[in-house]
Amino acid sequence: MFVSPLLKAGDVRIITDEQGAHQLLRDGQPYLAKGANWPTPETINALVSAGGNSIRTYADEVKWMLPLARANNLTVLLGLPIGRERQGFDYTDQVAVDAQFERLRATVRRYKNEPELLMWAIGNEPEHHAKNTVPLWKEVNRIARMIRVEDPHHPIITVVAGFDKNKIQQLLAHCPDLDALGVNWYGPADYWPSELLAYGWTKPYLLTEFGPLGYWQSKHGLGFTKWGAPIEQTSTQKAALYAENWRDAIIARPGQALGGYAFIWGPKQERTQTWFSMHLFGGERTELVDAMHTAWTGHAPINPAPKILEWKSLRAPDEYQPGETVKINLRWSSPRAARITVETRTESTANQVGGDAEPAPRILPSTDWKTVEGGIEVTAPAKPGYYRVFVSVVTADKTAATANLPIAVQDVGKR
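Add 17 to the 1-based position in the sequence shown for our numbering, that's all there is to it.
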């Protein structure tokens with residue numbers, strides 16, 4: 018086995034044995050990243066309690082994230098934001114490219130000696146919706162070479178939005194100076210590590226984002242409504258997928274996987290306010306967090322979140338006339354007393370991609386609903402349009418389960 022000499026305290030490196038198996042070392046000791054994307058000061062305690070040891074963030078957020086990591090004995094996967102073609106950046110514009118390069122050099126010099134630093138990540142899905150990726154990957158490699166000169170003590174990755182054979186072939190051709198690959202992947206993760214090897218990527222990887230089925234994947238998951246609204250998993254269904262992803266892409270891949278980062282350790286508006294939120298905007302912890310707690314520590318939290326046992330509309334397709342009753346089968350369980358909250362929002366019209374910021378749908382002033390045997394009944398909005406009914410099961414100690422149903426309200430007589 019080849020082991021590069023440790024050069025300083027806090028040194029992080031990847032070693033590879035004669036069989037090609039990789040191991041991440043921090044201060045000479047094996048290290049598996051059990052991480053989360055962008056925790057907040059309000060959710061950081063839950064990460065520590067769950068057995069997490071690392072956070073992923075961007076350089077423009079690290080001013081407040083770094084003290085948070087230091088106070089909680091966490092490492093930092095530090096992202097270096099780079100331009101995206103979909104947002105107007107042109108990698109054939111050498112003036113813009115060089116300006117970005119120097120900005121990143123300054124960032125590396127500023128943070129390279131921080132003891133919490135685990136590794137550098139050049140960009141996040143910069144190739145997503147890009148038409149000309151070769152100049153991009155060549156510049157990623159130039160940045161990687163610069164980082165290695167400035168900081169020989171930490172590995173360097175880039176982060177991609179999934180992959181296919183062509184993407185991996187481009188990375189192999191144009192990014193030889195990367196130490197590993199960051200892969201953002203939503204949905205089942207039991208097969209793609211083998212595909213990485215088959216496509217020729219023999220270096221290690223990190224699962225830099227993982228979570229529920231994405232709204233763009235609904236055709237492979239729960240489907241769409243006839244008017245095109247994606248159907249979201251319940252929090253209980255999502256939690257099962259988080260656990261499977263960690264098992265299949267990390268635990269089952271020793272020598273290939275260096276760790277992973279759950280998405281997202283806090284609230285996020287992306288098509289809905291619950292789709293990727295491991296914590297809700299009110300601070301409630303969901304079963305998604307519990308799944309990682311169990312995976313990382315080997316035991317469930319002492320106060321687990323409620324579960325959604327059944328969530329089903331009693332009519333499909335879910336099209337209603339104004340003021341009509343929407344009947345939903347709902348069964349849930351909670352080890353502690355819990356209450357149900359129901360709200361209706363307009364359906365999102367956002368078309369952003371790659372997690373770009375998007376506006377939140379409007380919340381209706383009030384939702385008329387009641388519990389009935391086997392579930393709930395909700396009164397459809399009075400105005401025709403597309404909506405989504407959200408249900409949360411919330412405990413007094415701020416845990417929650419979530420589910421939602423997209424509905425269409427049509428003009429009277431036009432059904």
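Ideal placement from N, C-alpha and C gives every residue a C-beta, glycine not left out. Nothing here was measured: the structure is a model prediction, and the numbers come from that model.
field: Euclidean distance between Cα positions of L224 and D265
entry: Roughly 11 Å separates the two Cα atoms.
Name the DSSP beta bridge partners of K387, please? Answer by DSSP bridge pairing, in chain order: E394.
Of all the options P376, P378 and W202, which has the alpha carbon lying nearest to the alpha carbon of F280?
-> Nearest in C-alpha terms to F280, of all of P376, P378 and W202, is W202.
Note to self: Closest to W12 by C-alpha separation, out of R126, T358, H145 and A147, would be which residue?
What the structure shows: Residue 12 cannot be examined here, being either before or after the span of the chain that is shown, 18 to 432.
Per DSSP, the bridge partner or partners of A425
Listed as beta-bridge partners of A425 by DSSP are E336 and Y403.
inquiry  = For the beta strand (DSSP E) containing M136, name the first residue and the last one.
reply    = Its beta strand (DSSP E) spans residues L134 to N141.
Q) Considering F118, what are the terminal residues of the alpha helix (DSSP H) in which it resides? A) Per DSSP, F118 belongs to the alpha helix (DSSP H) from Q111 to Y128.
Complete beta strand (DSSP E) runs within the segment 64–93 (minimum length 3 residues, chain order) = Within the segment 64–93, the complete beta strand (DSSP E) runs of at least 3 residues are 71–75.
task = Tell me Y16's beta-bridge partners as DSSP assigns them.
result = Residue coverage of the chain in this structure runs from 18 to 432, which leaves residue 16 outside it and unanswerable.
Checklist entry - Quick one, which of P382, T419, I173 and A190 has its alpha-carbon nearest Q250's? => result Measuring from the Cα of Q250, the nearest candidate turns out to be T419.
Those runs of the alpha helix (DSSP H) which lie wholly inside the segment 200–278 and span at least 4 residues
Counting only runs of 4 or more, we get 209–215 and 252–263.
For this session: With a cut-off of 8 Å on the beta carbons, I'd call V79 and Y128 a contact; round off their distance for me.
Result: Right, the Cβ-Cβ distance comes to about 7 Å (below 8 Å), so this counts as a contact.
| request: Give me whichever residues DSSP pairs with T363 in a beta bridge. | output: DSSP, once it has assigned bridges, lists Y404 as partnering T363.
Determine which residues share a DSSP beta bridge with R101 and list them. According to DSSP, residue pairing for R101 in a beta bridge does not occur.
*Taking only the alpha-carbon atoms, compute the straight-line gap between K155 and D194 and give it to the nearest angstrom.*
K155 and D194 have their C-alpha atoms roughly 10 Å apart.
Problem - Residue closest to D44, alpha-carbon to alpha-carbon, out of I173, T92, P84 and A178 - result: The option with the nearest alpha carbon to D44 is T92.
Three-state secondary structure assigned by DSSP to A308 | In this structure, DSSP gives A308 a helical state, which the three-state scheme calls helix.
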